[in-house]
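Chains as they are written, first to last, in this note's numbering: chain G, 10 to 264; chain V, 10 to 264.
Below: the structure, in structure tokens.
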DNA sequence: CGGTAGGTTGACAATGGTCAAGCTCGGTGG
DNA sequence: CCACCGAGCTTGACCATTGTCAACCTACCG
């Protein structure tokens, strides 16, 4: 595979954030004084600028190891969590045992908002790599400054969900995967990482579950995209070779 | 936009709510003093009990006729809307023209929350029958009492979206339609109407769009359910004959 | 009473799922 | 250091579900 072998850094220590884009990381963005990941301080995003630092300092951290769950569906709602570093998936289950990944989450995103309305979480949320979250106790939902920000976060989440419904309801398999890759790319770049090369933290099965496809279909599509020169895939390493080509796949009839 | 004693307030006069379930309506639930639809006063749901009446009186009503849109994607966010009576659909569009129904809304539900995060709406929302909404100007988002309630409403909306993703991603066609019918039934009964007999306000095409199916598949499934004695379908009138049978369809492998 | 939007049904095709076999890589223990 | 093991991935063959196209029907509205 024509793929610059990345140095396989495996950090289980706290100090630096785990590498997200296999070494190709732009550290240009300024950092929050309290958080050390580039450009994306969850607490900074959550509160007005003037109180960001205070909030950040007051925030309790929690570590979640890979495969561990942060909360489970049905557990009583006690806090929100802002991801400081790491990667999560959320899944919901049907009574008959089937379940589905409904979201992947990365640094700066807020987890647990599904619990506000019913006082208990409705999804399972699990770390896909060793991660750290800031605990936002439910009592702080009364903080007007936090509230204002949280409205926006929840609203944007509603918009994100619209996109997923569109994806699941109107797109063919290739469109879905291309959309997914472009979305990941966009989110990585917003965090100061490479937009073209990154490491998938989820399995084919999890991608398939999220996209409403079988793991085999996901695998075949990766192979096909690879063959078409759109991406370079080696296991979980992805390099987007032709971003415009991928965007074209996103449009119907190029599936 | 000021909401104090506007000239165009349509006060809560005595006109009864439009019949939702072709005459089979239970009127047993108590009504809000300010709103006249049974058991489900949007303003009452939105504010703490002690201020419900005041808010309801201050609320400006807007009428939306069938096929008219309440707001369109891209329009700047100026208010939320609580449905007082009627029925709406929300659709989102892809660049290439395809679009999809992402929700149906009925009395008591809140529209426009997708606009909070980005300051403009992201969906088109259209009345499927002559409807009335209470306007909640964006300025009122600062009202702490309203805020608290809105958090719950938005959170529940997130949970609802999870259910739709599950439906679109994990269910077969028959499961989807059965789930949809049971959901409608549940929502009607919560509003004091019959749980078994109701009038569909949307076309087969709109149902199909919402469920990620073609209109032909929806039609065939209605015929099949009819043949199996699960429902009695006559155009847009639906009577659920065997609710447990429908629930069984909801489970995999009974598709 | 005719036009039109919406709905039904059938024949066929295509997309994507299922099943099965085999591969790759990383971890583990001899 | 090597052999083995298992989770995750790939690929092929086949098949089921659902979409597409087309024809026709029906109800409703002027």
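All C-beta atoms, glycine included, are put in the ideal place defined by N, C-alpha and C.
C-alpha distance - residue i paired with residue j, whole-angstrom precision
i                      : j                      : result
residue 130 of chain G : residue 237 of chain G : 42 Å
residue 250 of chain V : residue 207 of chain G : 53 Å
residue 173 of chain V : residue 174 of chain G : 7 Å
residue 178 of chain V : residue 145 of chain G : 31 Å
residue 242 of chain G : residue 233 of chain G : 10 Å
residue 260 of chain V : residue 203 of chain G : 43 Å
residue 76 of chain G  : residue 209 of chain V : 45 Å
residue 198 of chain V : residue 103 of chain V : 34 Å
residue 191 of chain G : residue 258 of chain G : 11 Å
residue 224 of chain V : residue 150 of chain G : 44 Å
residue 142 of chain G : residue 90 of chain G  : 6 Å
residue 213 of chain G : residue 164 of chain G : 29 Å
residue 140 of chain G : residue 240 of chain V : 49 Å
residue 218 of chain G : residue 159 of chain V : 31 Å
residue 123 of chain V : residue 154 of chain V : 20 Å
residue 92 of chain G  : residue 68 of chain G  : 12 Å
residue 87 of chain V  : residue 78 of chain G  : 39 Å
residue 205 of chain V : residue 228 of chain G : 45 Å
residue 256 of chain G : residue 189 of chain G : 11 Å
residue 312 of chain G : residue 169 of chain G : With chain G covering only 10 through 264, there is no way to say anything about residue 312 of chain G.
residue 244 of chain G : residue 216 of chain G : 13 Å
residue 181 of chain G : residue 230 of chain V : 22 Å
residue 108 of chain V : residue 128 of chain G : 34 Å
Minimum Cβ-Cβ distance from residue i to chain V less than 8 Å
i                      : result
residue 132 of chain G : yes
residue 163 of chain G : yes
residue 111 of chain G : yes
residue 171 of chain G : yes
residue 256 of chain G : no
residue 60 of chain G  : Confidence is the limiting factor: at residue 60 of chain G the pLDDT is only 42, short of 50, which leaves the residue's position unreliable, though a coordinate-based value still follows. By this cut-off, residue 60 of chain G is not an interface position.
residue 247 of chain G : no
N- and C-terminal bounds of the alpha helix (DSSP H) containing residue i
i                      : result
residue 179 of chain G : 153-179
residue 182 of chain G : 182-199
residue 218 of chain V : 213-220
residue 233 of chain V : 224-236
residue 243 of chain V : That residue, residue 243 of chain V, is in no alpha helix (DSSP H); its beta strand (DSSP E) goes 240-243.
residue 256 of chain G : 252-258
residue 126 of chain G : 124-127
Endpoints, beta strand (DSSP E) assigned at residue i
i                      : result
residue 88 of chain V  : 88-94
residue 108 of chain V : 108-115
residue 133 of chain V : 133-136
residue 78 of chain V  : 78-80
residue 69 of chain V  : 69-73
residue 140 of chain G : 140-146
residue 206 of chain G : 206-208
residue 248 of chain G : 246-249
9 Å Cβ cut-off: residues of chain G touching residue i
i                      : result
residue 150 of chain V : 157, 160
Test: residue i CB closer than 8 Å to a CB of chain G
i                      : result
residue 195 of chain V : no
residue 261 of chain V : yes
residue 167 of chain V : yes
residue 139 of chain V : no
residue 253 of chain V : no
residue 57 of chain V  : At residue 57 of chain V the pLDDT is 41, less than 50, meaning the model places this residue with poor confidence and gives no usable figure here.
residue 250 of chain V : no
residue 51 of chain V  : Confidence at residue 51 of chain V is low in this model, with a pLDDT of 49, below 50, so its placement is unreliable and the value that follows should be read with caution. Output row for residue 51 of chain V: interface = no.
residue 20 of chain V  : The predicted position of residue 20 of chain V is uncertain, since its pLDDT is 37 and thus under 50; a value taken from the coordinates is nonetheless stated next. No, because no Cβ of chain G sits closer than 8 Å to the Cβ of residue 20 of chain V.
residue 45 of chain V  : Unreliable positioning characterises residue 45 of chain V in this predicted model, as indicated by a pLDDT of 43, which lies under 50. The coordinate reading is nonetheless provided below. Judged by the 8 Å Cβ criterion, residue 45 of chain V is not in contact with chain G.
Per-residue contacts from residue i into chain V (C-beta, under 8 Å)
i                      : result
residue 213 of chain G : By Cβ distance, chain V contributes nothing, its closest Cβ being about 15 Å from residue 213 of chain G, past 8 Å.
Could you name the residues of the stretch 173-185 of chain G whose beta carbon sits closer than 7 Å to any beta carbon of chain V, in the order they occur along the chain?
173, 174, 175, 177, 178, 179
Taking a cut of 8 Å between CB atoms, which residues from the stretch 113-127 of chain V lie near chain G? 122, 123, 124, 125, 126, 127
Exercise for review: Closer than 7 Å, Cβ to Cβ, to anything on chain V: give me those residues from the stretch 220-243 of chain G, in chain order.
Suggested key: 221
- prompt: Residues in the stretch 73-107 of chain G with C-beta within 8 Å of chain V's C-beta atoms, listed in sequence order?
  reply: 101, 103, 104, 105, 107
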